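J.: Residue numbers (UniProt numbering): 1 to 70.
Beta carbons are placed, not taken as given, at the ideal position from N, Cα and C, and that holds for glycine.
Keep in mind the model is a prediction, meaning the values are calculated, not measured.
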């Protein structure tokens with residue numbers, strides 16, 4: 001289980017396109033081992049990074065819209 005967890009962390013940190021896969025894998029790992037604090041921490045990190053990415057994307061989109069309206 002530990003090796004899978006480490007592999008998921010590395011994959012998540014290395015490629016933006018695999019964030020969804022890492023999130024999905026971590027959710028599955030949390031279902032298998034719901035008491036594992038390390039998995040919970042990593043899942044929280046994934047959620048936070050996704051929220052930050054969403055906010056950044058929203059800001060970029062808003063700037064694009066404002067620029068087109070000007």
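In terms of residue numbering, what span does the alpha helix (DSSP H) encompassing residue 35 cover?
T.: Taken as a continuous stretch (DSSP letters only), residue 35 belongs to no alpha helix (DSSP H), as it is neither H nor E.
J.: Does the beta-carbon distance from residue 24 to residue 47 come in below 9 Å?
T.: No, Cβ-Cβ distance for residue 24 and residue 47 is not below 9 Å.
J.: Applying the 10 Å Cβ sphere with the 16-neighbour rule, what's the burial state of residue 53?
T.: Its Cβ having fewer than 16 others within 10 Å, residue 53 is exposed.
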